[in-house]
Each structure stands twice: as C-alpha cells, then as structure tokens.
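Numbering (our numbering), first residue to last: 1 to 569.
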RNA sequence: CGGGGAGUAGCGUAAUUGGCUAUCGCGCCUGCUUUGGGAGCAGGAGGCUGCAGGUUCAAGUCCUGUCUCCCCGACCA
C-alpha cells in the first residue's frame, strides 16, 4: 500500500472535544472521525486495526468450538416482551417502528435473538452443547457517551452464547471461555485482570469482567494480594464484629438543625461507627428503608439486584417527611410514621447502643438496639467496599483499589432466558428440560481504544505487533531516486509475500513529516531508506517502541529477516 | 433528566464599550528555493460566525427561542 493513496488524513492538533488520549490519537492518526455524540466513522486505518482484533477473537472463539453466525441488528418487540427486557432495558434501548407501525429495537445485545434461533432447532440433548457467536454492531442509547469509541452509542461487539444440558456442563464450558478470554487479552498485550462482577441488565447468577488496567478506566476494581478481584459494584463486604456491650436504655437527644451523621457524631462526640444511618429509597416507586452503619455507604447496584427492581432512586424530601414524619436528616428505624419495608445492611446488625434519627425534627435517639427497639424485614450485604477492608476471600488481606476498562464480560445465565422464552430439549429419558445458557461479550472497538490507552507516548500510538493496521512502514527518504525505489520495492515484495501489511511512504514530503506520521500511526517497525546509507548497502531499522536510540543499520535483507523472525513467518 | 460551560474555514483560534472588507497559525492549491525529525519565500482557494426570530443606523458581539457539543452526578461491552 502506498501512503499517497491511503485515506488517512492526519492532524497536528486534536479536535477540542476529544476527551481522552486514545480518542485524540485515533482522530489525529486518521483512524476515525466523529459524526455525532457517540457515533464514529472508521477510516481505512482504523478498520484495519479493528479487523486484526476481530481476527484474534475469532481464532479464539473457533478454537473453543464456537460457530460464527450473523443475527439481525433489528429485532421485533415481541421477543423482548417475552423476556421482559422491552421494559427493563429502558431508555438505553433504541426503538423504532416500521411502515406498518410495528415496533422494533436496535439490538444492544442478542440473548433474545439467539435463544429464539436455538429454540426452533435444538430439540435434543444430542445437539448440545453448542456455542454460537457473532460480530455485530450493537446499539445503546447511552446516557452520556464519552471517551471516543470507548463508550459510544454504536459499537462493535463479539457476543457469544452457549447452550448446555445442565449447570455442570455450563460450568465446564465457562472455564473454557474464561481461558479463551484470557488468551485474547494476552494476545492483545494487555495488563489485565479478570474480576467478579455484577450481571446488570444481562442477568444470570455469576459473571466475570475482563478489565484492562488503566488509570483512565471508568471501572473501579477491589483486589487483594491473595488474587481476589471484583468490581466494586459487586465486591462482597465482610461482616463486622458484634458489639456485646450491655444494652443501655434508649433516650432521646436534642440535635438542633444537625442532620448529617458527621455533624451529629461531632455534636454528641460519638463515633459514626455507632450510628445506624437510615436511607429512604424508591424502588420502582415503592418506598423502602435501608439501614447501614454511619460511616458506610449504600452500594445501589447491590441493593437493586437484591430487590430485583428496575428503577432505584433516593427518595425526595417530601416523600421522606411523609414516611418518617420528620425532615431529611432525622430518619430512623424506631417508630416511623408509615410502615415500609426495612432492609438492614449486615453492618447495621452488630451495633449495640446505636445512634439513629428520631423521626422527629431536631431529635436523635441514643442507645438504640436492634430487635429490642425496632425490627427489620431482611438483612443483606448492601454496602460499598472500602480501601483497607478485609478481603472477603482470604479474610486476612486488605482490599486495595485499581481502575480498569471493562473490555469483556462473561456470564453464567443459567435458565433466565430459556425459561422466559421456553427453550427446552429432551434428555435421554425423553423428558423435557430447560436449556442452560452462558453468554460471553467482548467489546471489539473498546479493545482498540484500550490498547491505545495503555500503549502510547508523546509522539503517538505504539501498536502491539499483532493489532497494528500495518506491521511495517518503509520510508524512502527520496522515492524519486532509482536505487532507493528499487530497494524499497524489493523489501516490500519480500515482506508482503509473507502476508505482512506493509506501507510505503512514497509521498513527496520531507523526511521529518514522514517520521512524525509513522510515529503518530504507531506502526511497529520502520525501515528508512536513505541515499547516504544505501551507498554502503545499508538501511535503517527501528521498532516504534524503541525511540530514536533504537535505530540500527543493516542490509535490506537483514531487516527483512529481522521482521520475519519477529512475526514468525 | 438535573446542574455548569461552549458553538467563528478541515483542525486549533482572535475580534475593545455593538462599528469599517471577520484575525492568526496549521492543513489545502500554484510556483520557486529547500530536502534525515512537522522547511522558507511569493501567490491563492476556502466562512450564511450552529439555526430561527428580535433589538439597533449598525449584531460574531445584546435579548428570546431552538439545536448541537463538552464537563460533573444515575447505565454498560
């Protein structure tokens, strides 16, 4: 490929609305262009890199017995009604109507589609297990698209779905997929971590997220030296030691205009750890209370999944005063004005002689004891994990945090979809059973962004060898020179013949511009052919990651051999 | 959706209290000179100042509406 023919308009400056390094570099290097918020055009250079990632994933999926299919991008409403997700998915689901006013959605994921396909054809245990996967554009009307293609409204995802006779077989296959995902991350050159995660709108019993470690990542990972890792949304919290002090008599104390735990704690000179904080939530419109230790925060993701509700918001002040009988800041579990469901976080259970709101303006209660002074409906782990918390796995280690980019997510779905969509098979006894499912998603476009996020310098992108849009760039300093041209073409032929993607910068530009563009585009290996070196029979060879100091002089055939060796061709 | 900021050429930007033909750099085109880390000179093309109204002798600038984009909080590959 000649650079002069390549549609790769590079920019010296990034558009002012590009927010992270990967987005800036992708735009500057001519990989992508922005059309609207969260919508991007892929130019040849961007598409080449995308296809490389796609092929790595494809190879791993095929190696794990996956079979590639293509499902539609548009699905009829009826399938989504069957699983209930027409409503659950909410505003994030792009919806549209056809000319007959029939309703459809643009697929944000394809559990419905693939389950519908399989239930029509898979009727016997003899046909199981099977794994189907596809590469398809996914649509999600994100509340706030940002970070270039990292969180776009339209993106390329590989989604795979496996079907099994029982949980045990799913478990076996899930491990295989887990390994395939690990392989993909390794082949992409990621520093990554697979962590336990919350399943969100996809559902199922258990899931893992594959996180690329990066400070710019949107996700927060709680991890321990023992190897434990979880998304903080999911990370289990250890229970606190029970306080066995003698139970004192409950009393009311005046706390004028002091509502927050911090202020009241200071005013009464009692540690926030002795407080039971009462949060009033609206779960799908139904008011309910969550009790939690004063110095902890409610993890709303945990709460939402515990309740199984679609919408969860903190109650407004009006609702709070209607329910508790007091303004915001004085809610407590003892004698609330209205009876509502009360859920206690595990942290609230073991506090003796606690401080709570009195459900009365300007008053709190001291020496409140659970089961004596108030009752609760259920208890669960509902709090946010904190740095230095005890590790839930090894119990001894301390939790630390790291940031990550979620590039893949694997789920054990179980029978969630087969049940609602009635996907069954006949077992060896002729008995009908629900098919057990797994689901495996990986963001192809996001991998591209994550790669750049993790591998760049002040001059531009530094592609890993196997994702680069071109593996080699040949820069003839003066392409008009006959000898230079001859050597350039020879190297190009030798490398191309082995299946490598090679770019020749044939432009009539100064050497500096060619070097800058090559660096910006991040092409891993560069061969510079200049007349002076050529007089001695040499060309220059340099790896992008090495910088100027890494330049080596060698014979053209040696440079070719070096590259073929690196690519094992 | 709530709160904060911004829309001027492909990109980055300037324009005093409202005032003359809307500024500059990069990029683009032509020519000459250059030619190993974003060259120099000369010439040139490119704008409905987001859009629609309004105020005014006069609007990029002020007012109203609207759209878009970005940032901060709730979603997810």
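Even glycine gets a Cβ: it sits at the ideal position worked out from N, Cα and C.
CB contact flag (residue i, residue j, <9 Å)
i           : j           : result
residue 222 : residue 405 : no
residue 291 : residue 319 : no
residue 403 : residue 255 : no
residue 317 : residue 337 : no
residue 572 : residue 565 : Lying before the first or after the last residue shown, residue 572 is absent from the chain, which here runs from 1 to 569.
residue 392 : residue 549 : no
residue 32  : residue 149 : yes
residue 449 : residue 523 : no
residue 526 : residue 516 : no
residue 452 : residue 354 : no
residue 211 : residue 229 : yes
residue 401 : residue 357 : no
residue 377 : residue 342 : yes
residue 47  : residue 444 : no
residue 466 : residue 189 : yes
residue 447 : residue 476 : no
residue 145 : residue 30  : no
residue 397 : residue 226 : yes
residue 478 : residue 512 : no
residue 372 : residue 247 : yes
residue 553 : residue 540 : yes
residue 128 : residue 69  : no
residue 346 : residue 370 : no
residue 130 : residue 106 : no
residue 22  : residue 147 : yes
residue 426 : residue 432 : yes
Minimum C-alpha distance to residue i - residue among the options
i           : options            : result
residue 108 : 123, 85, 117, 69   : 85
residue 382 : 388, 279, 77, 432  : 279
residue 412 : 435, 89, 140       : 435
residue 304 : 380, 230, 334, 267 : 380
residue 232 : 244, 369, 195      : 195
residue 63  : 132, 363, 164, 505 : 132
residue 88  : 270, 310, 453, 454 : 310
residue 124 : 164, 395, 11       : 164
residue 266 : 250, 294, 239, 252 : 294
residue 141 : 547, 155, 28       : 155
residue 110 : 188, 83, 99, 90    : 83
residue 270 : 198, 193, 351      : 351
residue 264 : 429, 373, 61, 364  : 364
residue 12  : 26, 5, 6           : 26
residue 59  : 181, 301, 101      : 181
residue 9   : 21, 42, 22, 17     : 42
residue 521 : 540, 535, 545, 510 : 545
residue 510 : 492, 480, 433, 493 : 480
residue 126 : 104, 428, 327      : 428
Residue i burial status per 10 Å Cβ neighbour count (16 or more: buried)
i           : result
residue 179 : exposed
residue 261 : buried
residue 136 : buried
residue 394 : exposed
residue 121 : exposed
residue 134 : buried
residue 344 : buried
residue 7   : exposed
residue 209 : buried
residue 151 : buried
residue 242 : exposed
residue 35  : exposed
residue 422 : exposed
residue 207 : buried
residue 284 : exposed
residue 474 : buried
residue 138 : buried
residue 96  : exposed
Assumed close pair residue i, residue j - CB separation to whole angstroms, cut-off 8 Å
i           : j           : result
residue 460 : residue 519 : 5 Å
residue 158 : residue 454 : Actually they are not in contact, since the Cβ atoms of residue 158 and residue 454 sit about 20 Å apart, beyond 8 Å.
residue 3   : residue 506 : 6 Å
residue 555 : residue 538 : 6 Å
Residue i beta carbon near the ligand ATP (any heavy atom closer than 8 Å)
i           : result
residue 299 : By its list of ligands, the structure shown contains no ligand whatsoever, and the ligand ATP lies outside what it can speak to.
Exercise. Counting only runs of 4+ residues fully inside the stretch 380-448, write out the alpha helix (DSSP H) ranges in chain order.
Key: Segments of the alpha helix (DSSP H) lying fully in the stretch 380-448: 416-420.
Quiz prompt | Ordered list of beta strand (DSSP E) runs contained in the stretch 217-245, each at least 3 residues | solution = Qualifying beta strand (DSSP E) stretches, in chain order: 219-223, 229-231.
Practice problem: Please specify which runs of the alpha helix (DSSP H), each continuous and at least 4 residues long, are wholly inside the stretch 2-83, giving them in chain order. | Solution: Correct list: 21-28, 44-63, 77-83.
Exercise. Would you list, in sequence order, the uninterrupted beta strand (DSSP E) runs of no fewer than 3 residues that lie entirely inside the stretch 242-321?
Key: Counting only runs of 3 or more, we get 251-254, 276-283, 286-293, 312-314.
Practice problem: Ignoring anything shorter than 3 residues or poking outside the stretch 327-383, list the beta strand (DSSP E) runs there in chain order. | Solution: As for any beta strand (DSSP E) of minimum length 3 sitting wholly inside the stretch 327-383, the runs are 341-345, 354-357, 363-368, 378-380, ordered along the chain.
Quiz item: For the stretch 78-158, which segments carrying the alpha helix (DSSP H) assignment without a break, of at least 4 residues, lie completely within its bounds, in sequence order?
Solution: Counting whole runs of 4 or more residues, the stretch 78-158 contains the alpha helix (DSSP H) stretches 85-88, 111-121.
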